Amino acid sequence: MAYWLFKSEPGTWSWDDHVEHGKKGQEWDGVRNFQARNHMRAMKKGDNGFFYHSGEDKAIVGVVEVSAEAHPDSTDTKWECVDLVAIEPLARPVSLAEIKADPALENMVLARNPRLSVQPVTDVEWKRVLKIAEAKA
DNA sequence: GCCAACGTTGGC
DNA sequence: GCCAACGTTGGC
Numbered sequence: 043m044a045y046w047l048f049k050s051e052p053g054t055w056s057w058d059d060h061v062e063h064g065k066k067g068q069e070w071d072g073v074r075n076f077q078a079r080n081h082m083r084a085m086k087k088g089d090n091g092f093f094y095h096s097g098e099d100k101a102i103v104g105v106v107e108v109s110a111e112a113h114p115d116s117t118d119t120k121w122e123c124v125d126l127v128a129i130e131p132l133a134r135p136v137s138l139a140e141i142k143a144d145p146a147l148e149n150m151v152l153a154r155n156p157r158l159s160v161q162p163v164t165d166v167e168w169k170r171v172l173k174i175a176e177a178k179a
């Protein structure tokens, strides 16, 4: 099982928007970046990911699951996307500042390159973020 | 194939 | 609202 992180502006597409789509899944469309696309191609059905809000929130807010592997983006078939289902919100959002302040997470892609819209997350980082959320909930 | 210019993103 | 960083594009 691999872990990922999906970044979105809440004004454009928020966690709440995603939850409303329920269990049928939702295309993670609009990605126009080669690195991000490569990460999506590597995803397998059942992989988990974090949902991160950029802009005002700057925090990881929820957990999603890959419900369909990479396929052409219906908004632009030259690109590809995966489908995601919202699983559950974190016990409490974990902010970018907290991630940067945690020595165990300082090498997270999110801290080093916040502009990449789809990122890999290691097992260690995944567990650490969940622990922080639960510890301070 | 390289490199400069440009546009976009996102944190501050 | 500003500025720095990054990725992409296009000219050579």
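Its first residue numbered 43, the first sequence is counted upward by one per residue in my numbering. Think of the CB as a built atom: it goes at the ideal place given N, C-alpha and C, for glycine as much as any other residue. In this text the structure is predicted, and so the values were computed from the model without any measurement.
Asked	Found
Supposed contact pair S109 and G67 - C-beta distance, whole angstroms, cut 8 Å	4 Å
Three-state class that DSSP yields for A84 in the structure shown	coil
Length of the line joining the Cα atoms of Q77 and P156	13 Å
Through-space distance from V105 to E130, alpha-carbon basis	5 Å
From E176, V103, S137, residue whose alpha carbon lies closest to that of S56	V103
Buried or exposed by the 16-neighbour rule on C-beta atoms within 10 Å, applied to M82	buried
Boundaries of the beta strand (DSSP E) in which W46 is found, first to last residue	45-50
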